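Engineer: Pasting a structure here, questions to come.
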Amino acid sequence: MNKYLDIAPEVAAALEAGKSVVALESTIISHGMPYPQNVETALAVEQIIRDNGAVPATIAIIGGRLKAGLRRDEIEYLGKQGHAVAKASRRDLPVLVARGADGACTVTTTMMIAHMAGISVFATGGIGGVHRGAETTMDISADLEELAQTPVMVVCAGAKSILDLGLTLEYLETKGVPVIGYGTEELPAFYTRSSGFRVDYRVDTPEELAAAFAAQRGMGLKNGMLVTNPIPEEYSMDKASIDAAIDAAVAEAEEKGIRGKQTTPFLLAKISEITGGNSLASNIQLVFNNARLAAQTAVALCK
Ligand code: PSU
Ligand code: MN
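Numbering (our numbering), first residue to last: 168 to 470.
Right under this line is the structure:
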């Protein structure tokens, strides 16, 4: 086994026994939501995964160790640290590990560590992508590159329109990443069920998702797979008001010269500030919804 990796005992036992495991990221805890809702959500998500027959493995870097599976106190620690903990993408791993530092894992590093541990399915809220204005800033999330090269299924609620969703889909197409809509032909836009963009395939059951992933692995393809699961209707937000909040957040980021890894956390915090916490409630519900689907798919994959 990778000498930098610690697999939590319960996760290791499940993997050994061929049982289903679902990976969860930790940047959503430290940088994606405020305390204490972040910790409450992270713990509730783990419970949903258990209730659906799988074992949760929240992924982070603690004291320079790559952790697949966190204890409750470690989740609480990351939640309380918030933005004080480093947001760790692929390029951050060498220095954080060598220093024995902590890091919250993005979609990128969660996919990497899940794959090292032998975990195939990962649930989160939204992925990073091609930012609006990327034709001049070149701000393209490392998440897309990871989806191109690491064979993990990522279950998300699409992507926020802080990104250029059309360019994000083009990038994924170039990289050979299947984009699957769960029960929909349209790419969901995180807070809303529709975006106006089409996905590659519509799939309606966890078994069908598992079959597509098994075929991808069986052929020896190294890409990841992106499953986009629309937010449940009752929690979806009014498109006009969320779009206005996103436009205002993007304009403020530009005006303040926010760059690089700060961009996404800045925009997420701004949007939740502008929408007065409404968006947080929706965000929590869509993560629950993705955890359920990921657990069911992981169970189907083990059959
Ligand atoms: N988008 C969201 N919520 C999030 C993130 C993105 O709607 O929490 C986080 C995820 O951890 C994602 C990361 O992997 O931000 C992408 O950051 P960047 O755009 O800097 O690559
Ligand atoms: Mn970026």
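All residues carry an ideal CB built from backbone N, CA and C; glycine is no exception.
Since the model is a prediction, treat every value here as computed from it, not as a measurement.
1) Given this structure, state the Cα-to-Cα distance separating E312 from M278, to the nearest angstrom.
2) Does the Cβ of P373 have 16 or more other Cβ atoms within 10 Å, making it buried, or fewer, making it exposed?
3) Under the criterion of a Cβ to heavy atom distance below 7 Å, does D306 qualify as lining ligand 2?
4) So, is A184 buried or exposed, given that buried needs 16 or more other C-beta atoms within 10 angstroms?
5) May I ask whether a heavy atom of ligand 1 can be found less than 7 Å away from the beta carbon of G325?
6) By Cβ distance below 7 Å, which residues in the same chain neighbour A301 in space, the five residues on each side in sequence not counted?
7) Rounded to a whole number of angstroms, what is the C-alpha to C-alpha distance between A324 and P203?
8) In the DSSP assignment, the beta strand (DSSP E) including A221 goes from what residue to what residue?
9) Enumerated in chain order, which unbroken segments of the alpha helix (DSSP H) with a length of 4 residues or greater are wholly contained in the region 280–315?
10) Enumerated in chain order, which unbroken segments of the beta strand (DSSP E) with a length of 3 residues or greater are wholly contained in the region 192–238?
11) Got a sec, what are the start and stop residues for the beta strand (DSSP E) L263 sits in?
12) Could you please give me the residues that DSSP links to E353 through a beta bridge?
13) In this structure, does DSSP put A415 in helix, strand or coil?
14) Between which two residues does the beta strand (DSSP E) holding V321 run?
15) Given a threshold of 16 other Cβ atoms within 10 Å of its Cβ, counted over all protein chains shown, does D371 qualify as buried or as exposed?
Structural biologist: Once the coordinates are examined:
1) Approximately 11 Å between the Cα atoms of the pair.
2) With a 10 Å radius around the Cβ and a threshold of 16 neighbouring Cβ atoms, P373 comes out buried.
3) True, at least one ligand heavy atom lies under 7 Å from that Cβ.
4) Residue burial annotation: A184 is exposed, with fewer than 16 other C-beta atoms found within 10 angstroms of its C-beta.
5) Distances from the CB of G325 to the heavy atoms of ligand 1 are all 7 Å or more.
6) Around A301: I307, D331, L334.
7) When rounded, the distance between both Cα atoms is 22 Å.
8) If you look at A221, you'll find it isn't in any beta strand (DSSP E); DSSP assigns it neither H nor E.
9) Runs found: 301–304.
10) Runs of the beta strand (DSSP E) lying entirely within the region 192–238, each at least 3 residues long, are 222–229, 232–235 in chain order.
11) First-last for L263: 260–266, but that is the alpha helix (DSSP H), not the beta strand (DSSP E).
12) Per DSSP, R365.
13) In the structure shown, A415 sits in a helix (DSSP, three-state: H, G or I).
14) For V321, the enclosing beta strand (DSSP E) begins and ends at 320–323.
15) Exposed: under 16 other Cβ atoms inside 10 Å.
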